[in-house]
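Participant: Sharing a structure with you now.
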Amino acid sequence: MWLWFHKLSSPPYAYQVAARLRPWFSWSALALMLFAAYGGLVLAPPDYQQKDAFRIIYVHAPAAIMSLQVYVVMAIAAAIGVIWRIKLAHAVAAACAPVGAGFTVVALATGSIYGRPMWGTWWEWDPRITSELIQLFLYLGYMALRASFDDTQRADRASAILAIVGVVNVPIVKYSVVWWNSLHQAPTISKLGKPSIELSMAWPLYTMLLGFMLYFAAVLCDRVRSEILRRERNASWLTETVKTS
Amino acid sequence: MSLREFFAMGSYGGYIWSCYAVTILMLIFSAWSARRSLREQIGAAKRRVEMQKEGS
Amino acid sequence: MQASGLSTLVRLVIARDLRLAVRHWDHVVQPLIFFAIITTLFPLAISPALDELRRIAPGVVWVAAMLASLLALESLFRPDVEDGTMEQWVLSGQPLSLLLLAKVVTHWLLTGLPLVLMSPLVGTALGMPQSAWPVLMATLALGTGSLSMLGGVGAALTVSVRRGSVLLALLVLPLEMPVLIFGARAVDLAMHGEAVTGPLNLLAAVLLLFVSLGPFAMAAAMRVSVES
Chain A
1 MWLWFHKLSS
11 PPYAYQVAAR
21 LRPWFSWSAL
31 ALMLFAAYGG
41 LVLAPPDYQQ
51 KDAFRIIYVH
61 APAAIMSLQV
71 YVVMAIAAAI
81 GVIWRIKLAH
91 AVAAACAPVG
101 AGFTVVALAT
111 GSIYGRPMWG
121 TWWEWDPRIT
131 SELIQLFLYL
141 GYMALRASFD
151 DTQRADRASA
161 ILAIVGVVNV
171 PIVKYSVVWW
181 NSLHQAPTIS
191 KLGKPSIELS
201 MAWPLYTMLL
211 GFMLYFAAVL
221 CDRVRSEILR
231 RERNASWLTE
241 TVKTS
Chain B
246 MSLREFFAMG
256 SYGGYIWSCY
266 AVTILMLIFS
276 AWSARRSLRE
286 QIGAAKRRVE
296 MQKEGS
Chain C
302 MQASGLSTLV
312 RLVIARDLRL
322 AVRHWDHVVQ
332 PLIFFAIITT
342 LFPLAISPAL
352 DELRRIAPGV
362 VWVAAMLASL
372 LALESLFRPD
382 VEDGTMEQWV
392 LSGQPLSLLL
402 LAKVVTHWLL
412 TGLPLVLMSP
422 LVGTALGMPQ
432 SAWPVLMATL
442 ALGTGSLSML
452 GGVGAALTVS
462 VRRGSVLLAL
472 LVLPLEMPVL
482 IFGARAVDLA
492 MHGEAVTGPL
502 NLLAAVLLLF
512 VSLGPFAMAA
522 AMRVSVES
């Protein structure tokens with residue numbers, strides 16, 4: 001196992017593995033997402049309180065979960081890159097940010113649309129939406145910092161520090177936002193809570209989450225490959241690989 | 246259940262379908278931009294190999 | 302390295318920065334003027350009625366303090382990096398985190414503390430009752446400390462970046478939001494005569510966390526920025 005990890009951290013091997021895995025990830029992601037959408041839109045019965053509007057949650061909640069999870073993956077990759085000086089880990093961290101930001105935007109947009117029939121406004125300073133917005137700022141800051149360095153190695157290390165500082169801060173941000181909100185208004189979020197969800201309503205949610213994860217893995221494969229190509233520009237293995245591909 | 250009822254989603258159709266549309270658009274865009282940058286990098290690498298061949 | 306040697310070093314760093322501040326006193330005064338100007342904008346933009354201003358006073362003072370401390374970060378590391386002092390520190394083999402911590406503490410004494418002392422003035426102008434002064438100053442004292450630490454990490458990351466100040470704001474402000482929430486809420490509670498120990502404790506806990514972890518992040522960031 002350890003040996004395999006060691007092997008994987010070498011760019012040529014990782015490049016091949018990512019290329020081989022990607023179709024598996026993307027096709028299974030597509031199948032799962034379609035299946036979950038069918039389950040969520042057709043099979044699941046309407047909620048007794050929110051009627052059909054709750055079907056938005058099948059894309060909203062998985063996107064929100066992914067926005068956080070991708071950030072954690074990014075910070076872990078960044079930490080591995082800094083501690084063990086593995087270049088590939090930095091490439092993975094760099095590849096995570098745009099995908100994570102995409103999920104965050106979806107979570108925000110669908111949350112806002114969800115709020116319209118539920119709360120009667122497009123925007124509510126609800127703790128989850130607010131911390132989602134802060135999450136988006138963190139992603140944007142990370143990408144902006146990375147873009148401001150010309151030298152890839154310095155960009156890697158600087159943005160890794162930011163990702164680690166950010167991930168330490170995320171729980172504080174979440175907690176403070178929840179606490180802030182609970183002091184300001186009656187908990188409107190209870191409408192969004194899940195009072196003992198039934199299985200017929202829950203399985204599409206988890207299936208969609210799994211589909212999103214596989215989708216993330218598939219996109220990550222592509223992004224990591226292009227990061228490797230950009231970084232290993234002058235390596236000799238690359239000329240061989242390119243000729244055959 | 247008729248198809249029209251299904252699309253109307255009990256008057257919530259507009260909200261639901263726009264949410265799914267936003268999600269699908271992001272998924273497609275994100276995958277497409279990753280593909281595109283990979284293609285660009287492969288193209289650039291190929292060009293470098295060609296140049297090396299001509300140079301040698 | 303002996304402990305006494307280290308403490309001498311720290312004392313030297315602090316003394317040097319204080320001396321430099323006397324020479325460049327404008328760096329110290331500018332954030333304070335900025336603080337006053339921002340708070341002036343709110344009555345002009347919203348309403349001169351003190352009743353209305355009083356309601357938003359804690360938030361206004363806190364946002365203004367946050368922006369002023371952000372502005373002050375510009376002078377934290379940049380002069381030392383530009384004249385090569387920082388490079389010597391990095392290469393000197395002395396514990397960089399400790400040296401940077403000393404710098405941040407000095408910087409806080411020069412920019413954070415004056416904000417704290419000036420805040421009752423600004424608060425009063427916005428209709429804040431005298432009874433809220435101690436809490437306002439306490440939250441700002443704890444909070445600006447956290448802001449200085451987080452800002453120090455951000456400043457170390459962006460010091461080598463051209464036109465880095467906008468980037469610095471982009472990186473640091475989202476991370477600073479908890480401090481703003483706890484600080485402004487505590488002042489608000491104090492104005493309504495309610496207990497403030499909760500948010501004050503939280504502010505103190507956040508400060509402790511940042512002071513204990515911040516120097517290492519700062520040192521790592523500075524190494525990235527200075528080596529070329």
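Top line first, the protein sequences correspond to chains A, B and C. According to the numbering used here, the stretch in the first sequence is residues 1 to 245, in order. According to the numbering used here, the stretch in the second sequence is residues 246 to 301, in order. According to the numbering used here, the stretch in the third sequence is residues 302 to 529, in order. For glycine and all other residues, C-beta sits at the position ideal for the given N, C-alpha and C.
How many Å lie between ALA389/C and ASP318/C at the Cα?
Facilitator: According to the sequence shown, residue 389/C is Gln rather than Ala. For GLN389/C and ASP318/C, the distance between alpha carbons rounds to 16 angstroms.
Participant: If we ignore side chains and look at the alpha-carbon of each, how far apart do LYS398/C and ALA346/C end up?
Facilitator: Here the sequence assigns Ser to residue 398/C, which means Lys is not the residue at that position. Near 43 angstroms, if we compare the C-alpha coordinates of ALA346/C and SER398/C.
Participant: Can you name the start and end residues of the alpha helix (DSSP H) that HIS493/C belongs to?
Facilitator: Unbroken run through HIS493/C: none, as it is neither H nor E.
Participant: Under 8 angstroms between beta-carbons, which chain A residues line up against SER275/B? List them in chain order, please.
Facilitator: PRO98, VAL99, GLY102, VAL219
Participant: Quick check: what's the CA-CA separation for LYS194/A versus VAL480/C?
Facilitator: Here the model assigns LYS194/A a pLDDT of 49, short of 50, so the residue's position is not dependable and the matter cannot be decided.
Participant: Count the other C-beta atoms from every protein chain shown that fall within 10 angstroms of the C-beta of ALA496/C, then say buried if there are 16 or more, exposed otherwise.
Facilitator: exposed
Participant: Would you mind stating whether VAL454/C and ALA522/C have Cβ atoms separated by less than 8 angstroms?
Facilitator: Contact: yes.
Participant: Going along chain A, which residues have a C-beta under 7 angstroms from LEU272/B?
Facilitator: TYR215
Participant: Short of 7 angstroms in beta carbon distance, which residues of its chain neighbour ALA520/C, apart from the five on each side in sequence? Order them along the chain.
Facilitator: Result list for ALA520/C: LEU397, SER398, LEU401, in chain order.
Participant: Comparing alpha-carbon positions, which option in VAL525/C, MET492/C, GLY515/C lies nearest ARG356/C?
Facilitator: Of the listed residues, the one whose Cα sits closest to ARG356/C is MET492/C.
Participant: Our contact map puts ALA322/C next to LEU411/C with C-beta atoms below 8 angstroms; I'd like the distance itself, whole angstroms only.
Facilitator: 5 angstroms
Participant: Decide if TYR58/A is buried, meaning its Cβ has at least 16 other Cβ atoms within 10 Å, or exposed.
Facilitator: buried
Participant: Would TYR265/B and PRO117/A be called neighbours here (beta carbons separated by less than 8 angstroms)?
Facilitator: no
Participant: Roughly how many angstroms separate the alpha carbons of THR241/A and ALA97/A, rounded to a whole number?
Facilitator: 27 angstroms
Participant: Using a Cβ-Cβ cutoff of 8 angstroms, what residues of the segment 48–81 of chain A are near chain B? List them in chain order.
Facilitator: LYS51, ASP52, ALA53, ARG55, ILE56, VAL59, HIS60, ALA63
Participant: Is the CB of GLY120/A under 8 angstroms away from at least one CB in chain C?
Facilitator: Not closer than 8 angstroms to any Cβ of chain C, the Cβ of GLY120/A fails to qualify, so no.
Participant: Measure the C-alpha to C-alpha separation of ALA18/A and TRP122/A and round it to an integer number of angstroms.
Facilitator: 40 angstroms
Participant: How about LEU3/A: is its C-beta nearer than 8 angstroms to some C-beta of chain C?
Facilitator: Not one chain C Cβ lies under 8 angstroms of LEU3/A.
Participant: Can you give the Cα-Cα distance for VAL42/A and ILE65/A, rounded to whole angstroms?
Facilitator: Taking the straight line joining both Cα atoms gives about 23 angstroms.
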